[in-house]
Structure formats: C-alpha cells, structure tokens
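Visitor: Going line by line, the protein sequences match chains A and B. Quick note: the first sequence uses full-length UniProt numbering, first residue 1, plus one each step. Quick note: the second sequence uses full-length UniProt numbering, first residue 1, plus one each step. We put the beta carbon where it would ideally sit given N, CA and C, even for glycine. Have a look at this one before I ask anything.
Protein chains: 2
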Amino acid sequence: MKTEANIPYKFYLEESELPTAWYNVRADMKNKPAPLLNPGTLKPMTAKELDGVFCDELVQQELDDTTAYIPIPDEIREYYRMYRPSPLCRAYRLEEALGTPAKIYYKFEGNNTSGSHKLNSAIAQAYYAKKQGLKGVTTETGAGQWGTALSMACSYFGLDCKVYMVKVSYEQKPFRREVMRTYGASVTPSPSMTTNVGRKILAEHPDTTGSLGCAISEAVEVATSTPGYRYVLGSVLNQVLLHQSVIGLETKTALDKLGVKPDIIIGCAGGGSNLGGLISPFMGEKLRGEADYRFIAVEPASCPSFTRGKFVYDFCDTGMVCPLAKMYTLGSGFIPSPNHAGGLRYHGMSSILSQLYHDGLMEATSVEQTSVFEAAEQFARIEGILPAPESSHAIRVAIDEALKRKETGEAKTIVFGLTGTGYFDMVAYEKFHDGKMTDCIPTDADLQKGFDGIPHFPGNE
Amino acid sequence: MKTEANIPYKFYLEESELPTAWYNVRADMKNKPAPLLNPGTLKPMTAKELDGVFCDELVQQELDDTTAYIPIPDEIREYYRMYRPSPLCRAYRLEEALGTPAKIYYKFEGNNTSGSHKLNSAIAQAYYAKKQGLKGVTTETGAGQWGTALSMACSYFGLDCKVYMVKVSYEQKPFRREVMRTYGASVTPSPSMTTNVGRKILAEHPDTTGSLGCAISEAVEVATSTPGYRYVLGSVLNQVLLHQSVIGLETKTALDKLGVKPDIIIGCAGGGSNLGGLISPFMGEKLRGEADYRFIAVEPASCPSFTRGKFVYDFCDTGMVCPLAKMYTLGSGFIPSPNHAGGLRYHGMSSILSQLYHDGLMEATSVEQTSVFEAAEQFARIEGILPAPESSHAIRVAIDEALKRKETGEAKTIVFGLTGTGYFDMVAYEKFHDGKMTDCIPTDADLQKGFDGIPHFPGNE
C-alpha cells in the first residue's frame with residue numbers, strides 16, 4: 001500500500017483542539033437567507049413569535065445572521081469530548097482500488113452510538129433546553145438518526161424526549177426504536193392518533209406511510225400545547241447548520257495541519273445539516289475571496305429538492321403549523337416513494353444552502369438509489385466501514401469524481417462527509433442484495449402534485 | 001466535570017505506535033497449557049496432523065509455547081491501521097455517576113464495522129490463509145461478531161468465506177447475516193443438512209437451536225473435505241489469544257504514556273479471546289515477577305465454564321471431530337438456554353486461561369443476565385456507548401468493583417475491556433425493556449448431562 005509518510009489512515013485532532021466557537025456562515029453571505037415568515041401575516045417571524053416553539057437561546061441563533069463566531073459553551077464541549085474530534089480519514093485503499101490519481105479524504109462522523117453527525121446539534125439543543133429549565137422536548141425522526149441522537153442528548157441532560165417517527169421507518173427499523181428506548185425516549189409512529197394534526201391526516205389518508213413534514217406537525221403541536229416543552233429539529237434550520245459547523249471546522253483544522261488544500265468538497269443533502277456543517281468554513285473563505293472550492297450537494301433522485309424543486313416560500317411541515325421558509329422545495333405535501341431507503345426524504349432544503357445554491361456558489365446533483373448502494377457496498381468492502389444509505393450518496397459522487405480524474409490524470413483532492421454508519425439499514429441492504437431495490441424517481445406529474453400545495457402570494461414563484 | 005489535565009476522555013496512540021510483534025504469554029508460563037491431544041491415540045497433536053485443518057503458519061503459532069514475541073507482518077499492520085490503535089477511554093462520567101474514588105478506564109474495541117475485537121484475529125488468519133494460496137476458509141459464529149469480522153477480513157484478501165451460524169442466532173439476528181453478505185460471505189444456519197455431522201445432529205435432535213460446538217463440527221467437516229479450504233476459529237485457540245494480545249499491548253503502552261498503573265483488569269470470557277488478549281502483557285509482568293495485578297474473568301451464569309466447569313480434557317466440538325483440549329469445560333454437549341442473549345456461549349475455555357486460572361493467577365466470577373443488562377443500559381446512558389451484551393459482563397463487574405471502592409475509599413485503578421457494540425443485539429435489549437428477560441441458570445442436573453459427555457481415560461478427571 002502506497003501511503004504518504006505524514007498522512008495516517010485516520011487523523012485525530014487532540015481533544016484540546018476542539019473548536020471553541022461555531023462558525024455562522026450567514027455572517028459572510030452578501031445575500032442573506034430569506035427570513036422565516038408568519039404564514040398568517042406574511043411578515044418575518046419575530047423572536048417573540050418563535051419563543052413558544054423553540055428555546056430562547058436557539059431562537060437567537062436562528063435569527064442571528066451577522067455574528068460570525070458564536071462561542072460553544074464549555075458544557076457542550078465536554079459532551080463533544082465523549083466522541084469528538086472525529087477522525088479525518090484518508091481513503092488510501094479506495095484510491096488504489098479505483099486506480100485514480102485523486103486523493104480522497106472523508107470526515108467520519110459515525111463513530112458514536114447515534115451512528116451519525118446528528119449528535120452535534122442534539123447535544124447543543126438539549127443543553128439550551130435544560131439551561132432554560134424545560135422539562136422536555138419533542139421532535140420528529142425519519143430514518144431514526146436524529147431521534148437516536150436526541151434521545152442520547154436528553155439522557156445526558158435529564159430531559160424527557162418525545163419522538164414522532166415516520167411510520168414507514170418505525171415499522172422497518174424496530175431496532176432504532178429500541179435504541180431510543182434504551183436512552184429513555186418515548187417513540188410514537190407518525191401520523192398518530194395522539195395529536196389533532198395526526199388524526200386529521202389519518203382521516204384523509206388512512207394508509208399513509210407518513211412523512212417528515214407530517215411528523216414535524218405532530219411534534220410541534222405537542223410541544224406548543226404541553227407546558228415546559230419545546231420543539232427541536234435535526235436539520236434544515238439555521239441553528240442546526242451553525243452547530244454542525246463543528247464538522248467543517250475540525251476538517252479544516254486537520255487539513256491545515258496536514259498541509260492539504262481540498263479542491264472538491266462533497267456532502268449528501270436531505271435538509272442540509274451535514275452538508276452545511278461540512279462546507280461552512282470553506283464556503284466562508286470562498287465568500288470572503290480567500291480561497292476557491294467546488295462544493296457538490298448530492299441528493300436522492302427520489303427526493304430531488306435542489307435539482308427539480310422550486311426556490312420559493314413554502315410550508316416546513318405537512319400540517320402547515322410552522323412558519324414559511326424560502327427554500328428549494330418539492331411542496332410540503334410531497335412524500336417520497338416508500339421504496340426510498342434511509343433518510344434524505346425531506347421535501348425542502350436549508351434556507352442557507354438554498355440561497356448559496358441559487359447564487360451559484362455550490363453545485364447539486366442527484367443520484368439513483370441502486371447506484372448509491374453499489375457505491376456503499378464497494379466502499380464497505382474496501383474501506384471497511386459499512387456506510388449509511390444517506391452517506392453513500394456522497395460516496396457515489398466522490399467515486400465518480402475520482403474516476404473522472406483517472407481520465408484526466410489530475411491529482412485533485414476530494415473531501416467528502418461520511419455522515420454515519422448503516423447498521424440499522426440492513427433491510428435496505430438486504431433488498432439491494434436480493435435485487436429488489438428500485439430507483440423510484442418521481443414523474444413530473446408526481447412533482448406537480450407537490451408544487452400545487454405551495455402557498456400562493458405576490459412574489460412567491 | 002472533574003477531569004485530570006493530562007488524561008483525555010479518549011486516548012489514541014499514533015498509528016506508528018501500533019505493536020510490531022504479538023506477545024505470546026505461554027513463553028512466560030511456568031506451567032504451560034496442556035497440548036491438544038489426538039482423540040484416537042491420546043497423544044499430542046503434531047504439526048502434520050493439524051496442517052489439514054489449520055493454515056501452516058497458524059499451526060506453528062498454535063504449537064509455539066516458547067517464543068515470547070512473534071512479529072506482526074507488515075501487511076497485517078497495514079490492515080490494523082484501518083481501525084487501530086483503538087482508544088483507551090477514561091470513564092469520567094461513570095465515575096462521577098457512581099460517586100466512586102476508583103478511576104475507571106476501558107479499552108474500546110467496538111469502533112469498526114465488525115463491532116468487536118474479533119477483527120484483530122480475523123485479519124491475521126485471513127492473511128495467512130491467503131499467503132498459503134488457499135481459496136477460502138470456513139468457520140462458525142454464535143452471536144455473529146466473529147463471522148462478521150471474518151467476512152470483512154476475507155473480503156480484504158479476496159478469500160471465499162463460509163460461515164456456519166448457530167441457528168438461534170441466525171434467526172434472531174438477520175441483520176448480522178446481511179452484514180456478512182455485504183462482505184461477500186455465505187451464511188448457513190447450523191445444524192444444517194449440508195454436512196454429515198449436521199444431518200446426524202438434526203436426526204437426533206430435530207428441534208435443536210444449535211450450539212457453537214455443533215457449528216464448529218460442521219465448519220471443520222467442510223474445511224477438511226473441500227480442497228483449498230481450511231478452518232479458522234475466533235476464540236479459544238492459542239493463536240487467537242496471540243493475535244488478540246494487540247489489545248493488551250496497546251493498552252499497556254497507552255497506560256504507560258499516561259503514567260497510570262492499573263490495579264484490577266477485567267474482561268468478559270466466553271472462549272477467552274478478549275480476556276486473554278487484554279491481560280496477556282500484564283500477566284507476563286506478573287509471571288516474571290515484575291508487577292502484580294488482579295485479573296477478573298467474567299462469565300455468564302448461564303454458561304459458567306470457569307466457575308462451575310471441570311478442568312479436564314474434553315472435545316472442542318459437539319461432533320467430536322476436533323482434537324481434545326485441556327480446559328475448564330461444561331462438556332461438549334452442553335448448550336446454554338436459548339434465553340441466554342449474545343455470545344459467551346461456548347462450553348469450554350482457552351487452555352491458556354484455564355491453566356492460569358487453575359494456577360491461581362487470575363480470578364473468575366459469573367453474573368446473571370438481567371444484572372448485566374442493567375449495567376449495559378446504565379453505561380449506555382452515562383458513557384454514550386451502547387455496549388454488546390458480552391462486553392456488558394465486564395461492565396457489570398467494573399461497576400461493582402468501583403462501588404466497593406466507594407465503601408473503602410480506595411482510589412484503585414480499574415481497566416476493563418469494552419469488546420464491542422450492541423447494535424445487532426436490540427432484540428435482547430427489547431426483552432430487557434419489556435421485562436421478558438430471564439436469568440436461565442443451569443441446574444446441577446443440567447450441568448451433569450454435559451459432564452457425562454466428557455471422555456473417560458486414565459488421568460482425565
């Protein structure tokens with residue numbers, strides 16, 4: 001195996017090198033992401049309006065688009081030390097197997113029990129909820145990574161945790177549910193009969209397999225109607241991208257220490273938490289004119305918000321109880337095919353990333369499910385790590401980009417986010433092995449149904 | 001959180017600090033472990049006799065009880081670098097939660113896709129098989145950790161891998177099977193109709209849930225009757241303890257660098273691979289009179305070979321096709337209750353550890369399943385890592401020892417082996433959460449049935 005003397009397979013920063021502040025990329029954006037709107041008045045949501053839904057300090061973080069660095073409280077850094085800094089890995093074996101001149105790195109966020117990067121924001125959000133004296137939090141989860149991460153964080157801080165889990169995932173992933181129970185969370189399949197919005201959706205669509213948008217509505221309803229509770233969300237929001245900037249900050253510090261400058265940075269994109277976190281500090285350099293990078297968002301062809309969605313104000317949830325967000329969206333009524341495995345099934349996209357994409361500062365591409373699992377299995381066999389389906393979207397494109405370099409002979413440096421492990425996704429792997437996996441790409445007519453639910457008002461098209 | 005300035009939560013050695021040689025504790029034992037016997041002649045097995053079952057170089061390692069350090073081939077060290085050195089963790093949060101003056105460390109072997117320490121020997125055994133020009137290997141697996149590790153190692157080296165999986169585990173753990181398939185292995189529930197010994201056992205016991213001893217017989221039969229194949233085993237054997245010494249060597253280097261001397265070293269014990277690997281270098285110091293430590297083997301009350309077994313020559317497998325080994329054994333016909341979760345279900349114990357225990361150089365204790373899962377859940381909630389049921393046996397006793405220090409006020413240093421993660425054991429966790437877990441302790445009459453199968457010959461009692 002040909003390796004570079006100063007670059008190990010896995011590069012760990014010291015715990016003392018953990019970032020002391022999150023980086024808020026909005027501070028460096030000329031075109032700020034559009035504000036959340038009150039769906040009744042169509043005016044920007046105020047802190048006061050958001051306080052009933054989110055914790056006070058998280059509302060401040062949500063609205064702050066000018067402070068570049070926001071200190072990470074010591075207690076959060078203490079919890080980060082239980083599983084961070086995460087390793088920056090050099091894919092020597094993958095490079096050799098592909099025969100590419102490209103150098104491939106990945107930031108591996110899967111070495112914690114939640115199995116993904118989601119824990120970075122879960123710990124922050126649980127900390128602020130506890131600090132505010134709350135009793136508990138509610139949330140939704142799709143594939144289960146976020147719910148697991150939040151249940152762990154709530155267990156650390158002694159908070160109650162109520163998770164609404166998309167019904168199709170609840171049924172396909174009983175073990176995810178059991179991990180959440182291990183950490184003391186209660187898990188309810190969504191839509192459920194425990195909320196008004198759930199009962200309404202079930203009355204209209206008794207056979208629905210659920211969606212993230214629907215589970216969000218239920219979790220928000222419970223949070224806003226239960227004293228001492230607030231709602232927390234694992235992606236999409238500005239505050240989440242802020243917390244996840246710890247991924248990019250560590251990656252940048254590690255690359256700087258190794259003397260490596262990446263050319264292409266690749267991340268999978270569902271709501272944008274991993275991608276936004278990974279690219280933030282690099283995007284900051286690009287926005288400030290200090291460096292240039294190619295950023296590639298990879299989304300599933302079965303839920304293609306960047307590549308086939310509209311950049312408009314839309315509801316964040318199916319029940320339309322949340323504020324409106326300006327984002328690339330497939331419409332809040334869009335539900336990806338139940339054959340679509342894993343996460344990355346949200347109808348919209350982070351407002352920050354949407355704006356950056358709209359401004360031509362990053363690229364986006366979509367990949368089909370079967371080719372994603374081919375890349376996943378190839379990666380598992382060569383690099384040893386069994387990747388989550390979500391992460392494997394980034395692997396697919398990293399491999400494709402590396403193979404292109406083989407043709408051109410360019411020794412480009414590729415960095416991608418390996419967000420998590422696939423130990424709870426073996427049903428999907430089984431389908432793939434048995435040749436029963438399909439690509440489930442929505443037709444234009446399918447998409448039109450989703451677009452029809454986007455609110456109409458002047459300027460929103 | 002009160003932490004010591006020079007001791008992080010997770011201490012990683014550099015990849016360059018990976019051991020360059022395995023340590024063979026037999027070299028320092030005054031009373032060597034008894035040799036394997038040919039069951040026909042009752043004479044020690046020769047290298048020539050073992051060659052048909054095991055790879056040539058592994059036979060040498062199996063028989064060598066004088067060479068203290070055996071170099072680790074560079075290619076094996078390259079593969080170790082994909083997931084090693086593993087972290088030595090300080091359980092600051094657990095210490096605080098228990099209010100103990102004890103200092104608790106654990107060597108965490110679960111951060112690789114096989115989910116346990118088993119990969120350390122799998123890579124070595126697959127390497128030697130490949131080097132010898134073999135086509136493939138056969139093995140058995142119980143809970144599935146070893147089968148997963150071997151399938152990964154075979155995928156690295158391009159070897160065929162046939163796994164016989166204890167039927168009860170095969171049915172309870174379909175996802176383990178799927179991980180093995182991801183790495184290209186074939187997995188057969190045991191006993192099966194694919195071997196003579198399987199057909200014989202099924203004819204006699206059509207409802208059997210299988211056992212490790214039975215799966216071993218099938219795997220050995222296939223290996224010895226298929227050209228280009230050999231049998232490999234994930235525990236019990238001297239060669240396996242040799243490979244697993246990498247755990248103890250790293251632990252010792254890390255503790256030395258931190259300036260820490262342990263008082264008590266604790267490991268779970270099924271066949272002995274983890275415990276033997278963890279304690280070997282420390283036991284070497286004890287044998288040479290350079291230092292003293294307490295060693296505690298922890299076994300399940302449902303399969304108590306050390307604490308209720310006999311120290312005699314016995315068959316290693318149910319089909320009686322393997323050599324006889326002198327060890328603490330419950331009899332090759334002993335099958336733990338199907339209610340017993342996870343691994344640690346082998347009827348015997350490593351000959352090395354058996355001799356050390358017999359000579360009073362280490363202690364053993366057994367713990368009941370429900371108290372093991374209580375410790376597992378407590379550990380998960382406090383330390384964040386969801387432990388495997390096997391590893392949780394060590395956690396149980398580490399917690400108990402730490403609580404004893406609370407009474408005496410002694411600031412003893414405890415090190416235990418956290419061998420793996422429990423992501424594929426959620427059925428057992430579910431039983432525990434639902435109050436459906438039992439302790440399934442064998443009666444004396446149950447044990448007598450196993451003892452009745454121990455071979456009778458002069459001196460063997």
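Residues of the stretch 169–183 of chain A in Cβ contact with chain D at a cutoff of 9 Å, in chain order, please.
Guide: No chain D appears in the structure shown, which is made up of the protein chains A and B.
Visitor: Please name the residues in the stretch 386–406 of chain B whose beta-carbon is closer than 9 Å to at least one beta-carbon of chain A, in chain order.
Guide: Answer set for the stretch 386–406 of chain B: L386.
Visitor: Are B/D425 and B/G342 close, meaning C-beta to C-beta below 8 Å?
Guide: Yes, these two residues count as a Cβ contact at 8 Å.
Visitor: Quick one: list the residues of chain B neighbouring A/M82, beta-carbon separation under 7 Å, in chain order.
Guide: Y9 and G384
Visitor: Who pairs with A/S366 in a beta bridge, going by DSSP?
Guide: A/E299.
Visitor: Spatial neighbours of B/P281 within its chain, please: C-beta separation below 7 Å, excluding the five flanking residues on both sides.
Guide: Y23, S245, G248, L249 and K252
Visitor: Expressed to the nearest angstrom, what Euclidean distance is found between the alpha-carbon atoms of A/G52 and A/L58?
Guide: Spanning the two alpha carbons is a distance of roughly 12 Å.
Visitor: Rounded to the nearest angstrom, how far is the Cβ of A/S192 from that of A/T148, given a contact under 8 Å?
Guide: A/S192 to A/T148, Cβ: 19 Å. No contact.
Visitor: Give me whichever residues DSSP pairs with A/P189 in a beta bridge.
Guide: A/M165
Visitor: Name the residues in the stretch 91–124 of chain B whose C-beta lies less than 7 Å from a C-beta of chain A; which are they?
Guide: Shown in chain order are the members of the stretch 91–124 of chain B whose Cβ falls below 7 Å from a Cβ of chain A: N111, N112 and T113.
Visitor: Looking only at its own chain, which residues have a Cβ that is under 6 Å from the Cβ of A/G267, when we skip the five neighbours before and after it?
Guide: N274, L275, L278, A394 and G417
Visitor: From this set, B/V372, B/P389 and B/S302, which residue's C-alpha is nearest B/D444's C-alpha?
Guide: B/S302
Visitor: Short of 7 Å in beta carbon distance, which residues of its chain neighbour A/Q172, apart from the five on each side in sequence? Order them along the chain.
Guide: V427
Visitor: Can you tell which of B/N196, B/V260 and B/T408 has its C-alpha closest to the C-alpha of B/M320?
Guide: B/N196
Visitor: Measure the alpha-carbon distance for A/G133 versus A/G228 and round it to whole angstroms.
Guide: 8 Å
Visitor: Given this structure, state the Cα-to-Cα distance separating B/L356 from A/L150, to the nearest angstrom.
Guide: 46 Å
Visitor: Could you please give the first and the last residue of the uninterrupted beta strand (DSSP E) stretch that includes B/F334?
Guide: Looking at the DSSP string, B/F334 is not in any beta strand (DSSP E), and its letter there is neither H nor E.
Visitor: Which same chain residues end up closer than 7 Å to A/E374 when comparing Cβ atoms and leaving out the 5 residues on each side of it in sequence?
Guide: none
Visitor: Out of B/Q61, B/M152 and B/I335, which one is the CA nearest neighbour of B/N112?
Guide: That would be B/M152, whose Cα lies nearest to the Cα of B/N112.
Visitor: Indicate whether B/K162 and B/V222 have their beta-carbon atoms separated by less than 8 Å.
Guide: yes
Visitor: To the nearest angstrom, how far is it from the Cα of B/G409 to the Cα of B/K326?
Guide: Those two C-alpha atoms are separated by around 41 Å.
Visitor: At a Cβ threshold of 8 Å, is B/Y69 touching chain A?
Guide: no
Visitor: Pairs of beta-carbons, one from the stretch 156–170 of chain B and one from the stretch 134–148 of chain B, closer than 8 Å: are there three or more?
Guide: Judged by Cβ distances under 8 Å, the stretch 156–170 of chain B makes contact with the stretch 134–148 of chain B, as three or more pairs qualify.
Visitor: Could you tell me which whole alpha helix (DSSP H) segments of length 4 or greater appear in the stretch 112–189 of chain A?
Guide: For the stretch 112–189 of chain A, the full-length alpha helix (DSSP H) segments reaching 4 residues or more read 119–131, 145–157, 167–172 and 174–182 along the chain.
Visitor: Indicate the three-state DSSP secondary structure (helix, strand or coil) for A/C55 in the structure shown.
Guide: coil
Visitor: In chain B, what lies closer than 9 Å to A/Y423 by C-beta?
Guide: T113, G115, F175, V179, T421, Y423 and F424
Visitor: With A/G404 and A/G99 assumed to form a contact (beta carbons below 8 Å), what rounded beta-carbon distance in angstroms separates them?
Guide: The question names Gly, but residue 404 of chain A in the sequence shown is Lys. The Cβ separation is near 13 Å, so there is no contact.
Visitor: Rounding to the nearest angstrom, what Cα-Cα distance links A/A122 and A/Y80 in this structure?
Guide: 11 Å
Visitor: Take A/N460 and list the residues in its own chain whose beta-carbon comes closer than 6 Å to its own, dropping the five residues that flank it on each side.
Guide: V312 and Y313
Visitor: Kindly indicate which three-state DSSP category A/I104 falls into: helix, strand or coil?
Guide: The answer is strand: DSSP assigns A/I104 an E or B state.
Visitor: With distance defined between alpha-carbon atoms, name the residue in B/A102, B/A124, B/S186 and B/F334 nearest to B/E78.
Guide: Looking at the Cα atoms, B/A124 is the closest of the given residues.
Visitor: Let me check one thing: in DSSP terms, what residues is B/A325 bridge-paired to?
Guide: B/D314
Visitor: Between the alpha carbons of B/K261 and B/Y92, how many angstroms are there, rounded?
Guide: For B/K261 and B/Y92, the distance between alpha carbons rounds to 17 Å.
Visitor: Between A/H347 and chain B, is any beta-carbon pair separated by less than 8 Å?
Guide: no
Visitor: With C-beta atoms as the reference, is A/C316 less than 8 Å away from A/V236?
Guide: Yes; because the gap between Cβ atoms is below 8 Å, this pair is in contact.
Visitor: Near A/F306, which residues of its chain fall below 7 Å by C-beta distance, leaving aside the five closest residues on each side in sequence?
Guide: A269, A297, E299, Y328, M349, Y357 and A364.
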